[in-house]
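Undergrad:
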Amino acid sequence: MTAPETFGAYLVYEKLGGGGMASVHRAQKGEGLPVALKRLHPQLAQVDEFVQAFLDEARLALRLSHDNIAGTYDVGRVDDTYFIAMELVRGPTLSQVMNKCWSMKREIPLSIALYIIIQLLDALAYAHNAVDDHGAPLHIVHRDITPSNVIVSTAGVAKLIDFGIAKAASSSVRTKTGFIKGKFAYVAPEYIAGKIDHRVDLFAAGIIAHELLAHRKLFQVDNDFETLKRVQSLAIERPSKWNPKVPPAIDDVVMVALRRDPAQRWQSAAEMKAALKHTVQKLPNAMQVAEWIQHSLGPTPRSDASAVSIEISLIEDHYTKLAKPPRSTKIALIAAGAFVIVAALVAYLLNRT
Numbered sequence: 004m005t006a007p008e009t010f011g012a013y014l015v016y017e018k019l020g021g022g023g024m025a026s027v028h029r030a031q032k033g034e035g036l037p038v039a040l041k042r043l044h045p046q047l048a049q050v051d052e053f054v055q056a057f058l059d060e061a062r063l064a065l066r067l068s069h070d071n072i073a074g075t076y077d078v079g080r081v082d083d084t085y086f087i088a089m090e091l092v093r094g095p096t097l098s099q100v101m102n103k104c105w106s107m108k109r110e111i112p113l114s115i116a117l118y119i120i121i122q123l124l125d126a127l128a129y130a131h132n133a134v135d136d137h138g139a140p141l142h143i144v145h146r147d148i149t150p151s152n153v154i155v156s157t158a159g160v161a162k163l164i165d166f167g168i169a170k171a172a173s174s175s176v177r178t179k180t181g182f183i184k185g186k187f188a189y190v191a192p193e194y195i196a197g198k199i200d201h202r203v204d205l206f207a208a209g210i211i212a213h214e215l216l217a218h219r220k221l222f223q224v225d226n227d228f229e230t231l232k233r234v235q236s237l238a239i240e241r242p243s244k245w246n247p248k249v250p251p252a253i254d255d256v257v258m259v260a261l262r263r264d265p266a267q268r269w270q271s272a273a274e275m276k277a278a279l280k281h282t283v284q285k286l287p288n289a290m291q292v293a294e295w296i297q298h299s300l301g302p303t304p305r306s307d308a309s310a311v312s313i314e315i316s317l318i319e320d321h322y323t324k325l326a327k328p329p330r331s332t333k334i335a336l337i338a339a340g341a342f343v344i345v346a347a348l349v350a351y352l353l354n355r356t
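Quick note, in the numbering used here, the sequence shown goes up one by one and the last residue is 356.
Structural data, given as structure tokens:
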């Protein structure tokens with residue numbers, strides 16, 4: 004067994020993930036609990052934009068303390084290396100849960116699906132309403148609500164992770180206009196046109212809810228351009244079309260979340276959560292969810308990068324993809340941009356007539 008690396012007050016163990024901007028390892032400080040230690044590569048400490056983005060993430064995450072959000076414990080610098088120490092949540096990501104159940108043709112019980120959706124909405128309600136030290140709203144928008152960023156812990160609690168590309172009014176680094184952060188299959192139509200507020204997170208939550216209930220992907224196909232076209236124009240069917248166990252009242256809640264006009268969508272996560280809870284008499288408890296996960300999925304293989312319960316889409320993914328995307332992605336993005344421009348022009352002309 005390899006001896007741990009000493010990093011300041013931390014002992015650093017196996018790598019959990021990483022990329023061009025940062026790496027994430029399992030670590031421990033003294034006799035404390037294991038943490039996920041995210042470290043900015045030292046050579047990037049001289050690049051103000053990277054350091055500022057990293058510190059923005061840390062400052063934002065430190066403000067968030069909620070049962071359904073993976074916690075952040077510490078932020079600092081050792082020599083030339085900036086770090087963030089985060090909660091190490093053990094359990095599969097929701098993406099793993101869905102993919103394994105679908106591949107085995109195993110049903111995700113309606114009650115389990117609703118439990119996870121409601122906990123995700125709890126996390127969003129908290130984040131969207133977070134305030135600074137003076138009580139002023141932070142206007143946080145996560146912008147990357149996907150099944151890969153929700154972990155169902157071994158304790159049966161759903162936790163939202165990765166606020167690495169979250170947008171807050173206090174952010175020092177601003178998003179380049181028109182550049183989509185997050186996965187194409189979970190972006191809201193207005194996001195594609197560069198209009199972003201907390202309701203883009205609710206649209207993404209609606210997509211996840213639809214997929215959990217219908218046991219299939221809603222918009223995602225192999226081609227990015229086709230995925231974006233589906234986000235903008237696919238006729239969305241009710242989840243019960245594929246899963247007759249979904250009652251009409253739940254169908255209705257999900258379909259409101261998926262309205263393409265944000266003004267007609269649920270206006271808050273709390274509002275959507277209340278509507279969902281009104282449709283169910285009883286939800287499972289955390290122990291029942293944990294038992295179902297263990298029974299249905301079994302132990303997560305150690306070879307899987309998420310085996311230790313963290314699947315982080317690091318900020319550098321978005322910078323490196325922008326700087327040097329593969330040729331197929333370039334073509335898809337150019338076509339997607341043209342599609343958005345044409346759609347905007349048509350809308351403009353219609354509004355004038």
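Cβ coordinates follow ideal geometry from the N, Cα and C atoms, glycine included.
Let me confirm a value: Asn288 is counted as buried when at least 16 other C-beta atoms fall within 10 Å, else exposed. Which label applies?
TA: Exposed.
Undergrad: Which residues bound the beta strand (DSSP E) around Ala161?
TA: Per DSSP, Ala161 belongs to the beta strand (DSSP E) from 161-163.
Undergrad: First and last residue of the alpha helix (DSSP H) that includes Val86?
TA: The sequence given here has Phe at residue 86, not Val. No alpha helix (DSSP H) holds Phe86; the beta strand (DSSP E) holding it covers 84-90.
Undergrad: Starting from Ile211 and walking both ways along the alpha helix (DSSP H), at which residues does that stretch end?
TA: That run of the alpha helix (DSSP H) goes 202-217.
Undergrad: Use the C-beta contact count for Arg202: other C-beta atoms within 10 angstroms, 16 or more gives buried, fewer gives exposed.
TA: By the 10 Å Cβ count, Arg202 comes out buried.
Undergrad: Assign Arg80 to one of three DSSP states: helix, strand, or coil.
TA: Note: Arg80 maps to strand in three-state DSSP.
Undergrad: Quick check on this structure: which residue in Gln270, Pro250, Gln235 has the alpha carbon closest to the alpha carbon of Asp200?
TA: It is Gln270 whose Cα lies nearest to the Cα of Asp200.
Undergrad: Out of curiosity, what's the CA-to-CA distance linking Pro140 and Ala133?
TA: Looking at the two C-alpha atoms, the distance is approximately 6 Å.
Undergrad: Three or more C-beta pairs closer than 8 Å, one from the segment 75-89 and one from the segment 249-256: is that the case here?
TA: Short answer: they don't touch.
Undergrad: What number of angstroms, rounded off, separates the C-alpha of Ala48 from the C-alpha of Leu14?
TA: Spanning the two alpha carbons is a distance of roughly 22 Å.
Undergrad: Going along the chain, which residues of its own chain have a beta-carbon closer than 6 Å to the beta-carbon of Phe57, five neighbours each way excluded?
TA: Closer than 6 Å at the Cβ level, and outside the excluded window around Phe57, lie Leu43, Tyr85.
Undergrad: How would you write the range of the alpha helix (DSSP H) that Gln55 sits in, first residue to last?
TA: Start and end: 51-65.
Undergrad: Buried or exposed, going by whether 16 or more other CB atoms sit within 10 Å of the CB of Gln365?
TA: The requested residue 365 does not occur in the structure, where the chain is confined to residues 4 to 356.
Undergrad: Does the Cβ of Val155 have 16 or more other Cβ atoms within 10 Å, making it buried, or fewer, making it exposed?
TA: Counting Cβ neighbours within 10 Å, Val155 comes out buried, since at least 16 surround it.
Undergrad: State the CB to CB distance for the pair Lys276 and Asp125, rounded to an integer number of angstroms; the pair is presumed to be in contact (CB under 8 Å).
TA: Indeed they touch by this definition, with Cβ atoms about 7 Å apart.
Undergrad: Taking contact to mean at least 3 C-beta pairs separated by less than 8 Å, is the segment 203-213 in contact with the segment 143-163?
TA: Yes: the two stretches touch, three or more of their Cβ pairs being nearer than 8 Å.
Undergrad: I'd like to know whether the C-beta atoms of Pro95 and Ile296 end up nearer to each other than 8 Å.
TA: In this structure, Ile296 lies closer than 8 Å to Pro95 by Cβ.
Undergrad: Alpha carbon to alpha carbon, what distance is there between Ala217 and Ser106?
TA: So the two alpha carbons sit approximately 14 Å from each other.
Undergrad: Go ahead and label Asp70 buried or exposed: buried means 16 or more other beta carbons lie within 10 angstroms of its beta carbon, across all protein chains shown.
TA: Asp70 should be labelled exposed.
Undergrad: Within this structure, are the beta carbons of Pro150 and Ser98 separated by less than 8 Å?
TA: A contact, by the Cβ cut-off of 8 Å.
Undergrad: Per the DSSP calculation, Arg29 is bridged to which residue(s)?
TA: Answer by DSSP bridge pairing, in chain order: Ala39.
Undergrad: For the beta strand (DSSP E) that Phe187 lies in, which residues bound it at each end?
TA: Note, Phe187: premise wrong, no beta strand (DSSP E); not H, not E.
Undergrad: May I ask you to list the residues that DSSP assigns as paired with Gly21?
TA: DSSP output for Gly21 lists Ser26 as bridge partner(s).
Undergrad: Please classify Leu14: does DSSP put it in a helix, a strand, or coil?
TA: Three-state result, Leu14: strand.
Undergrad: Are Leu300 and Val100 touching if we call contact CB-CB under 8 Å?
TA: A contact, by the Cβ cut-off of 8 Å.
Undergrad: Could you give the first and the last residue of the continuous alpha helix (DSSP H) run that contains Ile362?
TA: Absent from the structure is residue 362, since the part of the chain shown begins at 4 and ends at 356.
Undergrad: Hey, how far is the Cα of Arg29 from the Cα of Ala6?
TA: Rounded to the nearest angstrom, the two C-alpha atoms are 13 Å apart.
Undergrad: Suppose you measure from the CA of Leu261 to the CA of His131; what does that come to, to the nearest Å?
TA: Between Leu261 and His131, the C-alpha separation is close to 19 Å.
Undergrad: In its own chain, which residues sit with a C-beta less than 6 Å from the C-beta of Glu193, not counting the 5 before and 5 after it?
TA: The answer, listed in chain order, is Pro265.
Undergrad: Can you list, in chain order, the residues of its chain whose CB lies under 8 Å from that of Phe10, leaving out five sequence neighbours each side?
TA: Excluding residues within five positions, the ones whose Cβ falls inside 8 Å are Ala30, Leu40, Arg42, Val81, Thr84, Phe86.
Undergrad: Whole angstroms are fine: how far does the CA of Tyr118 sit from the CA of Met290?
TA: Near 12 Å, if we compare the C-alpha coordinates of Tyr118 and Met290.
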